[in-house]
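This note's numbering applies: residue 15 is where the sequence shown begins, and numbers increase by one. The C-beta atom is built at its ideal place from N, Cα and C for all residues, glycine as well. Keep in mind the model is a prediction, meaning the values are calculated, not measured. These notes are about the structure you will find just below.
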Amino acid sequence: LLILGNERNHSAVSEFVFLGLTHSWEIQLLLLVFSSVLYVASMTGNILIVFSVTIDPHLHSPMYFLLASLSFTDLGACSATSPKMIYDLFRKHKVIPFGGCIAQIFFIHVIGGVEMVLLIAMAFDRYVATCKPLHYLTIMSPQRCILFLAAAWALGVSHLLFQLAFVVNLPFCGPNVLDSFYCDLPRLLRLACTDTYRLQFMVTVNSGFICVGSFFILLISYVFILFTVWKHSSGGSSKALSTLSAHITVMDRFLALSDAVLTPFLNPVIYTFRNKVMKAAMKRAFRPLMIFRKIS
(Lines of atoms letter the chains of each structure in order from A and count residues from 1; the text may use other names and numbers.)
(Lines give C-alpha, C1' and ligand atoms only; values in the text may rest on other atoms or scores of the structure.)
Protein backbone atom coordinates (compact mmCIF):
# COMPACT_ATOMS: atom_id res chain seq x y z
CA LEU A 1 0.00 0.00 0.00
CA LEU A 2 2.85 2.35 0.79
CA ILE A 3 4.40 1.69 -2.64
CA LEU A 4 1.06 2.27 -4.37
CA GLY A 5 0.61 5.47 -2.40
CA ASN A 6 4.02 6.73 -3.46
CA GLU A 7 3.28 5.91 -7.12
CA ARG A 8 0.02 7.85 -6.92
CA ASN A 9 1.79 10.81 -5.35
CA HIS A 10 4.47 10.72 -8.04
CA SER A 11 1.85 10.67 -10.79
CA ALA A 12 -0.41 13.25 -9.13
CA VAL A 13 0.61 16.03 -11.52
CA SER A 14 -1.08 15.35 -14.86
CA GLU A 15 -1.00 18.94 -16.12
CA PHE A 16 0.87 22.18 -15.62
CA VAL A 17 -0.52 25.69 -15.23
CA PHE A 18 1.05 28.63 -17.07
CA LEU A 19 1.05 32.06 -15.44
CA GLY A 20 1.33 33.55 -18.92
CA LEU A 21 2.90 36.80 -20.00
CA THR A 22 0.66 39.30 -18.23
CA HIS A 23 -2.61 39.61 -16.33
CA SER A 24 -3.65 42.84 -18.06
CA TRP A 25 -6.48 42.26 -20.56
CA GLU A 26 -5.41 45.23 -22.68
CA ILE A 27 -1.84 43.97 -22.99
CA GLN A 28 -3.08 40.45 -23.69
CA LEU A 29 -5.24 41.78 -26.53
CA LEU A 30 -2.26 43.64 -27.97
CA LEU A 31 -0.11 40.53 -27.67
CA LEU A 32 -2.83 38.46 -29.33
CA VAL A 33 -2.90 40.69 -32.40
CA PHE A 34 0.88 41.05 -32.55
CA SER A 35 1.58 37.34 -32.07
CA SER A 36 -1.11 36.20 -34.50
CA VAL A 37 0.13 38.49 -37.28
CA LEU A 38 3.75 37.46 -36.78
CA TYR A 39 2.84 33.77 -36.60
CA VAL A 40 0.91 33.88 -39.88
CA ALA A 41 3.68 35.94 -41.49
CA SER A 42 6.35 33.52 -40.23
CA MET A 43 4.52 30.46 -41.53
CA THR A 44 3.76 32.10 -44.87
CA GLY A 45 7.28 33.43 -45.41
CA ASN A 46 9.03 30.20 -44.53
CA ILE A 47 6.63 28.11 -46.65
CA LEU A 48 7.29 30.45 -49.59
CA ILE A 49 11.04 30.01 -49.19
CA VAL A 50 10.84 26.21 -49.03
CA PHE A 51 8.43 26.10 -51.99
CA SER A 52 10.50 28.49 -54.13
CA VAL A 53 13.80 26.71 -53.47
CA THR A 54 12.20 23.34 -54.19
CA ILE A 55 10.64 24.15 -57.56
CA ASP A 56 13.00 26.79 -58.99
CA PRO A 57 16.13 25.36 -60.72
CA HIS A 58 17.90 28.71 -60.29
CA LEU A 59 17.91 28.12 -56.52
CA HIS A 60 19.30 24.59 -56.62
CA SER A 61 22.58 25.55 -54.98
CA PRO A 62 24.17 24.81 -51.59
CA MET A 63 23.33 28.23 -50.17
CA TYR A 64 19.62 27.95 -50.93
CA PHE A 65 19.48 24.28 -49.95
CA LEU A 66 20.70 25.26 -46.48
CA LEU A 67 18.33 28.23 -46.46
CA ALA A 68 15.35 26.01 -47.30
CA SER A 69 16.43 23.60 -44.55
CA LEU A 70 16.58 26.48 -42.07
CA SER A 71 13.14 27.69 -43.17
CA PHE A 72 11.71 24.19 -42.81
CA THR A 73 13.12 24.05 -39.29
CA ASP A 74 11.64 27.49 -38.57
CA LEU A 75 8.20 26.12 -39.44
CA GLY A 76 8.60 23.78 -36.50
CA ALA A 77 10.12 26.49 -34.32
CA CYS A 78 7.16 28.83 -34.65
CA SER A 79 4.65 25.98 -34.28
CA ALA A 80 6.18 24.45 -31.15
CA THR A 81 4.89 27.08 -28.74
CA SER A 82 3.16 29.90 -30.64
CA PRO A 83 -0.26 28.29 -31.31
CA LYS A 84 -0.58 27.29 -27.66
CA MET A 85 0.51 30.75 -26.51
CA ILE A 86 -1.97 32.49 -28.83
CA TYR A 87 -4.76 30.14 -27.75
CA ASP A 88 -4.00 30.76 -24.06
CA LEU A 89 -4.36 34.50 -24.55
CA PHE A 90 -8.11 33.80 -24.90
CA ARG A 91 -8.20 31.79 -21.68
CA LYS A 92 -8.02 32.76 -18.05
CA HIS A 93 -6.93 29.29 -16.91
CA LYS A 94 -3.87 28.30 -18.97
CA VAL A 95 -3.03 24.61 -18.66
CA ILE A 96 -1.07 22.03 -20.62
CA PRO A 97 -1.05 18.23 -20.15
CA PHE A 98 2.13 16.57 -18.93
CA GLY A 99 2.60 14.90 -22.32
CA GLY A 100 2.08 18.21 -24.12
CA CYS A 101 4.70 19.83 -21.91
CA ILE A 102 7.24 17.11 -22.73
CA ALA A 103 6.36 17.49 -26.44
CA GLN A 104 7.08 21.23 -26.29
CA ILE A 105 10.46 20.60 -24.68
CA PHE A 106 11.15 17.93 -27.30
CA PHE A 107 10.59 20.25 -30.27
CA ILE A 108 12.25 23.28 -28.69
CA HIS A 109 15.53 21.46 -28.00
CA VAL A 110 15.62 19.45 -31.23
CA ILE A 111 14.93 22.53 -33.34
CA GLY A 112 17.41 24.62 -31.34
CA GLY A 113 20.19 22.09 -31.95
CA VAL A 114 19.33 21.73 -35.64
CA GLU A 115 19.30 25.47 -36.27
CA MET A 116 22.67 25.98 -34.59
CA VAL A 117 24.33 23.44 -36.88
CA LEU A 118 22.56 24.86 -39.93
CA LEU A 119 23.79 28.36 -39.12
CA ILE A 120 27.33 27.00 -38.79
CA ALA A 121 26.89 25.24 -42.15
CA MET A 122 25.63 28.48 -43.73
CA ALA A 123 28.60 30.37 -42.28
CA PHE A 124 30.94 27.72 -43.72
CA ASP A 125 29.15 28.02 -47.07
CA ARG A 126 29.72 31.79 -47.13
CA TYR A 127 33.32 31.31 -46.02
CA VAL A 128 34.01 28.96 -48.93
CA ALA A 129 32.15 31.21 -51.39
CA THR A 130 34.13 34.27 -50.25
CA CYS A 131 37.56 32.83 -49.48
CA LYS A 132 37.77 29.91 -51.94
CA PRO A 133 35.38 30.73 -54.79
CA LEU A 134 37.21 28.59 -57.38
CA HIS A 135 36.74 25.47 -55.25
CA TYR A 136 33.23 26.32 -54.07
CA LEU A 137 31.30 23.68 -56.05
CA THR A 138 33.85 21.02 -55.17
CA ILE A 139 33.85 21.74 -51.45
CA MET A 140 30.11 22.44 -51.12
CA SER A 141 29.04 19.34 -52.98
CA PRO A 142 25.48 17.93 -52.67
CA GLN A 143 26.86 15.11 -50.53
CA ARG A 144 28.43 17.58 -48.09
CA CYS A 145 25.20 19.58 -47.87
CA ILE A 146 23.26 16.43 -47.03
CA LEU A 147 25.95 15.56 -44.49
CA PHE A 148 25.50 18.97 -42.86
CA LEU A 149 21.76 18.41 -42.68
CA ALA A 150 22.14 14.91 -41.22
CA ALA A 151 24.64 16.21 -38.66
CA ALA A 152 22.22 18.99 -37.70
CA TRP A 153 19.39 16.58 -36.94
CA ALA A 154 21.74 14.13 -35.23
CA LEU A 155 22.99 16.87 -32.89
CA GLY A 156 19.46 18.13 -32.26
CA VAL A 157 18.15 14.68 -31.34
CA SER A 158 21.20 13.75 -29.23
CA HIS A 159 21.00 17.11 -27.43
CA LEU A 160 17.34 16.45 -26.63
CA LEU A 161 17.93 12.88 -25.47
CA PHE A 162 20.61 14.09 -23.08
CA GLN A 163 18.27 16.75 -21.71
CA LEU A 164 15.31 14.43 -21.25
CA ALA A 165 17.19 11.29 -20.20
CA PHE A 166 16.40 11.82 -16.54
CA VAL A 167 13.46 14.22 -16.80
CA VAL A 168 10.74 11.87 -18.05
CA ASN A 169 10.95 9.64 -14.97
CA LEU A 170 11.19 12.45 -12.43
CA PRO A 171 8.40 12.50 -9.81
CA PHE A 172 6.04 15.49 -10.06
CA CYS A 173 3.74 15.32 -7.06
CA GLY A 174 3.50 18.86 -5.75
CA PRO A 175 3.39 22.33 -7.35
CA ASN A 176 2.47 22.48 -11.01
CA VAL A 177 2.61 26.22 -11.79
CA LEU A 178 5.12 27.42 -14.40
CA ASP A 179 5.94 31.12 -14.46
CA SER A 180 6.06 31.13 -18.25
CA PHE A 181 3.89 30.74 -21.35
CA TYR A 182 5.55 27.51 -22.50
CA CYS A 183 7.31 24.51 -20.96
CA ASP A 184 10.83 25.57 -20.13
CA LEU A 185 13.06 22.70 -19.00
CA PRO A 186 14.89 24.51 -16.15
CA ARG A 187 11.59 25.72 -14.67
CA LEU A 188 10.08 22.27 -15.05
CA LEU A 189 12.99 20.69 -13.16
CA ARG A 190 12.36 22.98 -10.19
CA LEU A 191 8.86 21.50 -9.80
CA ALA A 192 10.09 17.93 -9.35
CA CYS A 193 9.55 16.31 -5.95
CA THR A 194 13.23 15.54 -5.53
CA ASP A 195 16.57 17.29 -5.51
CA THR A 196 17.38 18.23 -9.11
CA TYR A 197 20.31 20.58 -8.49
CA ARG A 198 22.83 18.32 -10.22
CA LEU A 199 20.48 17.65 -13.10
CA GLN A 200 19.83 21.37 -13.56
CA PHE A 201 23.59 21.93 -13.59
CA MET A 202 24.10 19.21 -16.22
CA VAL A 203 21.29 20.60 -18.41
CA THR A 204 22.70 24.13 -18.15
CA VAL A 205 26.25 22.98 -18.97
CA ASN A 206 25.03 20.94 -21.95
CA SER A 207 23.01 23.82 -23.42
CA GLY A 208 25.71 26.36 -22.62
CA PHE A 209 28.45 24.25 -24.21
CA ILE A 210 26.49 23.90 -27.46
CA CYS A 211 25.52 27.60 -27.57
CA VAL A 212 28.98 28.95 -26.72
CA GLY A 213 30.71 26.47 -29.02
CA SER A 214 28.42 27.39 -31.92
CA PHE A 215 28.90 31.09 -31.24
CA PHE A 216 32.69 30.89 -31.37
CA ILE A 217 32.64 28.78 -34.54
CA LEU A 218 30.37 31.34 -36.21
CA LEU A 219 32.50 34.21 -34.92
CA ILE A 220 35.71 32.70 -36.29
CA SER A 221 34.05 32.06 -39.66
CA TYR A 222 32.84 35.65 -39.91
CA VAL A 223 36.25 37.04 -38.94
CA PHE A 224 37.84 35.10 -41.81
CA ILE A 225 35.11 36.31 -44.18
CA LEU A 226 35.44 39.95 -43.12
CA PHE A 227 39.21 39.78 -43.47
CA THR A 228 38.89 38.34 -46.99
CA VAL A 229 36.25 40.91 -47.94
CA TRP A 230 38.47 43.71 -46.68
CA LYS A 231 41.23 42.63 -49.08
CA HIS A 232 38.94 42.53 -52.14
CA SER A 233 37.45 45.26 -54.27
CA SER A 234 34.72 47.55 -53.00
CA GLY A 235 32.08 46.09 -55.35
CA GLY A 236 32.65 42.53 -54.23
CA SER A 237 32.97 43.71 -50.65
CA SER A 238 29.59 45.40 -50.75
CA LYS A 239 27.87 42.28 -52.05
CA ALA A 240 29.64 39.99 -49.60
CA LEU A 241 28.94 42.27 -46.65
CA SER A 242 25.26 42.38 -47.59
CA THR A 243 25.10 38.57 -47.53
CA LEU A 244 27.16 38.42 -44.35
CA SER A 245 24.95 40.91 -42.53
CA ALA A 246 21.96 38.70 -43.24
CA HIS A 247 23.72 35.72 -41.63
CA ILE A 248 24.77 37.78 -38.61
CA THR A 249 21.18 38.99 -38.17
CA VAL A 250 19.96 35.39 -38.17
CA MET A 251 22.69 34.41 -35.70
CA ASP A 252 21.34 37.05 -33.32
CA ARG A 253 18.18 34.93 -32.93
CA PHE A 254 19.93 32.78 -30.33
CA LEU A 255 20.25 35.79 -28.06
CA ALA A 256 16.44 35.68 -27.88
CA LEU A 257 15.63 32.01 -28.37
CA SER A 258 12.64 32.28 -26.08
CA ASP A 259 10.90 34.62 -28.55
CA ALA A 260 8.65 31.93 -29.95
CA VAL A 261 7.03 34.08 -32.65
CA LEU A 262 9.51 36.81 -33.56
CA THR A 263 12.51 34.52 -34.11
CA PRO A 264 11.12 32.43 -37.02
CA PHE A 265 9.78 35.64 -38.58
CA LEU A 266 13.32 37.00 -39.08
CA ASN A 267 14.41 34.30 -41.51
CA PRO A 268 11.93 34.92 -44.38
CA VAL A 269 12.22 38.69 -43.96
CA ILE A 270 16.02 38.68 -44.14
CA TYR A 271 16.38 36.18 -46.98
CA THR A 272 13.36 37.24 -49.03
CA PHE A 273 13.17 41.02 -48.98
CA ARG A 274 16.95 41.48 -49.10
CA ASN A 275 17.68 38.84 -51.74
CA LYS A 276 16.98 39.70 -55.38
CA VAL A 277 17.43 36.11 -56.54
CA MET A 278 14.90 34.84 -54.02
CA LYS A 279 12.36 37.53 -54.91
CA ALA A 280 12.72 36.75 -58.61
CA ALA A 281 12.28 33.04 -57.90
CA MET A 282 9.08 33.68 -55.96
CA LYS A 283 7.69 35.73 -58.84
CA ARG A 284 8.44 32.89 -61.24
CA ALA A 285 6.90 30.36 -58.87
CA PHE A 286 3.61 32.23 -58.57
CA ARG A 287 3.40 33.59 -62.13
CA PRO A 288 1.21 30.67 -63.35
CA LEU A 289 -1.20 31.31 -60.48
CA MET A 290 -1.45 35.00 -61.37
CA ILE A 291 -2.06 34.16 -65.06
CA PHE A 292 -4.77 31.66 -64.06
CA ARG A 293 -6.54 34.29 -61.95
CA LYS A 294 -6.49 36.79 -64.83
CA ILE A 295 -7.94 34.24 -67.24
CA SER A 296 -10.67 33.17 -64.85
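* Asked: Excluding sequence positions up to five away, which residues of its chain have a Cβ less than 8 Å from the Cβ of residue 153?
  -> The count along the sequence shown starts at 1 and reaches residue 153 at position 139. So the qualifying residues of the chain are 142, 146.
- Query: Is it true that the CB of residue 49 sits closer than 8 Å to the CB of residue 93?
  - Reply: On the sequence shown, position 79 is the one that residue 93 refers to. On the sequence shown, position 35 is the one that residue 49 refers to. Cβ distance not < 8 Å, so residue 93 and residue 49 don't count as in contact.
Considering only the alpha carbon of each residue, which of 81, 188, 126, 37 lies closest to residue 106?
Along the sequence shown, one-based indexing puts residue 106 at 92. Of the listed residues, the one whose Cα sits closest to residue 106 is 37.
**Prompt:** Three-state secondary structure (DSSP) at residue 111?
**Reply:** Residue numbering aside, residue 111 sits at position 97 when the sequence shown is read from its first letter. DSSP places residue 111 in strand when its eight states are reduced to three.
Can you check the stretch 119-195 for any alpha helix (DSSP H) of at least 4 residues that lies completely inside it and give the ranges in chain order?
150-153, 156-178
inquiry  = Does residue 27 come out as helix, strand or coil in the three-state DSSP assignment?
reply    = On the sequence shown, residue 27 is found 13 positions in, with the first residue counted as 1. Note: residue 27 maps to coil in three-state DSSP.
Within 8 Å, strictly: CB atoms of residue 82 and residue 64: Residue mapping note: residue 82 aligns to position 68 of the sequence shown, counting from 1. Residue mapping note: residue 64 aligns to position 50 of the sequence shown, counting from 1. Taking 8 Å as the Cβ cut-off, residue 82 and residue 64 qualify as a contacting pair.
Going by the beta-carbon positions, is the gap between residue 174 and residue 124 smaller than 8 Å?
Numbered from 1 along the sequence shown, position 160 holds the residue referred to as residue 174. Numbered from 1 along the sequence shown, position 110 holds the residue referred to as residue 124. Yes; because the gap between Cβ atoms is below 8 Å, this pair is in contact.
- Message: Suppose you measure from the CA of residue 151 to the CA of residue 221; what does that come to, to the nearest Å?
- Response: If you number the sequence shown from 1, residue 151 lands on position 137. If you number the sequence shown from 1, residue 221 lands on position 207. Residue 151 and residue 221: Cα-Cα distance of roughly 34 Å.
>> Using the Cβ count rule (16 or more neighbours within 10 Å means buried), how would you classify residue 179?
In response: Start at 1 with the first residue of the sequence shown, and residue 179 comes out as number 165. It counts as exposed.
query: Shortest alpha-carbon distance to residue 166 belongs to which of 114, 224, 75?
result: For the purposes of this step, residue 166 is taken as the residue at position 152 of the sequence shown. When only C-alpha atoms are compared, the closest one is 224.
**Asked** If you count every other CB in all the chains shown that lies within 10 Å of the CB of residue 76, and 16 or more means buried, which is it?
**Response** Against the sequence shown, residue 76 aligns to sequence position 62. Residue 76 should be labelled buried.
Buried or exposed for residue 66, going by 16 or more other Cβ atoms inside 10 Å? In the sequence shown, counting from the first residue as 1, residue 66 sits at position 52. Label assigned to residue 66: buried.
Determine the burial state of residue 191: buried for a count of at least 16 other Cβ atoms within 10 Å of its Cβ, exposed for fewer.
To locate residue 191, count along the sequence shown from 1; it is residue 177. When all chains shown are included, residue 191 counts as exposed.
| Is there at least one Cβ from chain B nearer than 8 Å to residue 159's Cβ? | As a matter of chain content, chain B is missing from the structure shown, which is built from one protein chain.
(message) Within the continuous alpha helix (DSSP H) that includes residue 76, where are the two ends?
(response) For the purposes of this step, residue 76 is identified with residue 62 of the sequence shown, where counting begins at 1. Note, residue 76: alpha helix (DSSP H), 76-94.
Report task. Have a look at the DSSP bridge pairing and note the partners of residue 32. Result -> To locate residue 32, count along the sequence shown from 1; it is residue 18. Residue 32 is bridged to 108, 192.
* Residue of 80, 118, 155 minimising C-alpha distance to residue 131 -> Position 117 of the sequence shown, counted from the first residue, corresponds to residue 131. Closest by alpha carbon: 80.
Taking all protein chains shown into account, do 16 or more other C-beta atoms lie within 10 angstroms of the C-beta of residue 157, making it buried, or fewer, making it exposed?
Stepping through the sequence shown from its first residue, residue 157 is reached at position 143. Exposed, by the Cβ-count rule.
### Message
Going by DSSP in three states, residue 221 sits in which element: helix, strand or coil?
### Response
Counted from its first residue, the sequence shown places residue 221 at position 207. Correct three-state label for residue 221: helix.
* To do: Using a threshold of 8 Å, state whether the C-beta atoms of residue 61 and residue 84 are closer than that.
  => On the sequence shown, residue 61 is found 47 positions in, with the first residue counted as 1. On the sequence shown, residue 84 is found 70 positions in, with the first residue counted as 1. Contact flag unset, no.
- prompt: With 16 other CB atoms within 10 Å as the buried threshold, where does residue 129 fall?
  reply: Within the sequence shown, numbered from 1, the residue matching residue 129 stands at position 115. Buried, by the Cβ-count rule.
Problem - Anticipated Cβ contact below 8 Å, residue 133 with residue 232, distance rounded - result: Here residue 133 refers to the residue found at position 119 when the sequence shown is read from its first residue. Here residue 232 refers to the residue found at position 218 when the sequence shown is read from its first residue. 6 Å between Cβ atoms; contact.
**Study point:** Own chain, CB closer than 7 Å to residue 46, minus 5 neighbours either side, in chain order
**Key:** Locating residue 46 in the sequence shown gives position 32, where the first residue counts as 1. So the list reads 100, 103, once near-sequence residues are dropped.
Check: Which residues in the same chain as residue 196 place their Cβ atom closer than 6 Å to its Cβ, once the five residues preceding and following it in sequence are excluded?
Finding: Numbered from its first residue, the sequence shown carries residue 196 at position 182. Around residue 196: 95, 118.
Hey, how far is the Cα of residue 69 from the Cα of residue 194? Position 55 of the sequence shown, counted from the start, is the residue given in the question as residue 69. Position 180 of the sequence shown, counted from the start, is the residue given in the question as residue 194. Computed Cα separation, rounded: 40 Å.
Notebook entry, point to check: Can you list, in chain order, the residues of its chain whose CB lies under 7 Å from that of residue 295, leaving out five sequence neighbours each side?
Noted result: Position 281 of the sequence shown, counted from the start, is the residue given in the question as residue 295. Counting only Cβ-Cβ distances below 7 Å, and skipping sequence neighbours, we find 66, 70, 72, 73.
- Apart from the five residues on each side of it in sequence, which residues of its chain come closer than 6 Å, Cβ to Cβ, to residue 135? Residue 135 sits at position 121 when you count from the first residue of the sequence shown. Excluding sequence neighbours, residue 135 sits near 80, 162.
Own chain residues within Cβ distance below 7 Å of residue 34, not counting five before or after: Taking the first residue of the sequence shown as 1, we reach residue 34 at position 20. So the list reads 102, 108, 195, once near-sequence residues are dropped.
For this session: Could you tell me whether the Cβ atoms of residue 112 and residue 235 are closer together than 8 Å?
Result: Along the sequence shown, read from residue 1 onward, the residue named residue 112 stands at position 98. Along the sequence shown, read from residue 1 onward, the residue named residue 235 stands at position 221. Contact: no.
Item to complete: Drop a sphere of 10 angstroms on the beta-carbon of residue 211, count the other beta-carbons inside from all chains shown, and report buried for 16 or more, exposed for fewer.
Response: To locate residue 211, count along the sequence shown from 1; it is residue 197. So residue 211 counts as exposed.
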